[in-house]
Amino acid sequence: MSFLESADTPPPMLPASTQLLLFTQADVGGHALFRVVPVELSVRPGQGRLWTDVSRGNAFTPAWQDHARHLSAVGRARYALPWEQTDLHVSPRGRNVTLDGRSASLPLFVAWVALLAGLPLPSPFLGTGVALEAHGERLAPAPREFLQGKLGVAQAYVKQVFPGAARVAVFVPEGSGFDAAPLTALDVRPVPTLTKAVEAVLGLKPHAHAEGVGG
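If you read the sequence shown in the numbering used here, its first letter stands for residue 1116, the second for the next number, and so on.
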């Protein structure tokens, strides 16, 4: 994976890492099963490469790795951060986890930018959304049944791990259909693009000449 270097931005304190929660979906006996998978992300001094941890039976499909390259291209076009000076390491915190497809676009992109910029993520940080390569950074509206399933898992997670918390923000693609009534523990926040998600979560805007590029 190749990134553009910005000499104007000092690298973050490295190595830097964060745990990211990803929502996955699998077909089990003809029924969709949703769950939360914790993944450790870290950036370390390097040359703009992607490292995936395939120990403990974990796997990353070629589609997932290709999509990570798409996210890197979006990021380096919009943020003057040390993409070329760092490597991204991705390690699922479980066993027999397969990361496939693009539904982690939103949380992965936001967390990657946060690590490179040295900015903290909220705890918990919840989000789901697909940014298709053909549409640049624009997030595709999620099918109602899939998003509702993921939001249901997010609600159960928040109630179990943060039982006394106020409503927890969860970021989803703008234009998605969902029923907010049963989601009493969540504050569902639609965002249209990856950079708008970064701005909403981290307060970081893309550099001025990148506004509106490719999305």
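No residue lacks a Cβ here, since even glycine has one placed at the ideal position from N, Cα and C. Because the structure is a prediction, the values reported are computed rather than measured.
If distances are taken between C-alpha atoms only, which option among the options comes closest to residue i?
{"i": "Leu1186", "options": "Leu1298, Pro1258, Gly1172 and Leu1203", "result": "Leu1203"}
{"i": "Val1205", "options": "Leu1156, Glu1248, Arg1184 and Ala1232", "result": "Leu1156"}
{"i": "Leu1317", "options": "Leu1236, Leu1148 and Glu1248", "result": "Leu1236"}
{"i": "Gly1264", "options": "Gly1145, Phe1149, Gly1144 and Gln1134", "result": "Phe1149"}
{"i": "Trp1179", "options": "Ala1296, Ser1238 and Leu1223", "result": "Leu1223"}
{"i": "Asn1173", "options": "Asp1181, Gly1163 and Pro1153", "result": "Pro1153"}
{"i": "Thr1139", "options": "His1182, Gly1251 and Leu1214", "result": "Leu1214"}
{"i": "Phe1261", "options": "Ala1281, Glu1248 and Gly1292", "result": "Gly1292"}
{"i": "Val1306", "options": "Glu1252, Pro1258, Arg1259 and Ala1323", "result": "Glu1252"}
{"i": "Val1246", "options": "Pro1177, Thr1176, Gln1134 and Val1225", "result": "At residue 1246 the sequence reads Ala, which differs from the Val that was named. Ranking the options by Cα distance to Ala1246, first place goes to Val1225."}
State the DSSP-derived secondary structure class of residue i, mapped to helix, strand or coil.
{"i": "His1322", "result": "coil"}
{"i": "Arg1171", "result": "helix"}
{"i": "Val1313", "result": "helix"}
{"i": "Glu1155", "result": "strand"}
{"i": "Ser1220", "result": "helix"}
{"i": "Arg1191", "result": "helix"}
{"i": "Pro1307", "result": "coil"}
{"i": "Pro1130", "result": "coil"}
{"i": "Ala1257", "result": "coil"}
{"i": "Gln1140", "result": "strand"}
{"i": "Gly1292", "result": "coil"}
{"i": "Trp1227", "result": "helix"}
{"i": "Leu1266", "result": "helix"}
{"i": "Leu1135", "result": "strand"}
{"i": "Trp1179", "result": "helix"}
Please classify residue i: is it buried, with 16 or more other beta-carbons within 10 angstroms of its beta-carbon, or exposed?
{"i": "Thr1299", "result": "exposed"}
{"i": "Leu1266", "result": "buried"}
{"i": "Pro1278", "result": "exposed"}
{"i": "Ser1170", "result": "exposed"}
{"i": "His1146", "result": "exposed"}
{"i": "Ser1218", "result": "buried"}
{"i": "Gly1144", "result": "exposed"}
{"i": "His1250", "result": "exposed"}
{"i": "Trp1227", "result": "buried"}
{"i": "Gln1200", "result": "buried"}
{"i": "Ala1141", "result": "exposed"}
{"i": "Val1189", "result": "buried"}
Any heavy atom of the ligand NAP inside 7 Å of the beta-carbon of residue i?
{"i": "Thr1167", "result": "With respect to the ligand NAP, the structure shown offers nothing to examine, as it has no ligands at all."}
Give me, in chain order, the residues of the same chain whose beta-carbon lies closer than 7 Å to that of residue i; leave out the 5 immediate sequence neighbours on both sides.
{"i": "Leu1221", "result": "Gly1242, Thr1243, Gly1244, Leu1254, Phe1286, Leu1309 and Ala1312"}
{"i": "Pro1321", "result": "Arg1193, Tyr1194 and Thr1310"}
{"i": "Leu1234", "result": "Leu1317 and Leu1319"}
Suppose the cutoff is 8 Å on Cβ atoms and the five residues either side in sequence are ignored; what does the same chain contact list for residue i look like?
{"i": "Thr1124", "result": "Low confidence applies here, because Thr1124 scores a pLDDT of 46, under 50, leaving its location unreliable and the question unanswered by this model."}
{"i": "Arg1304", "result": "Ala1284, Val1285, Phe1286, Val1287 and Ala1315"}
{"i": "Pro1239", "result": "Leu1136, Tyr1272, Val1273, Val1276, Phe1277 and Val1283"}
Discussion item. With a threshold of 8 Å, are at least 3 pairs of Cβ atoms found where one atom belongs to the stretch 1269-1277 and the other to the stretch 1209-1226?
Written reply: no
Worksheet item: Counting Cβ pairs closer than 8 Å, one from the stretch 1151-1168 and one from the stretch 1285-1292, do we hit at least three?
Response: No, because fewer than three Cβ pairs between the stretch 1151-1168 and the stretch 1285-1292 fall closer than 8 Å, the two stretches do not touch.
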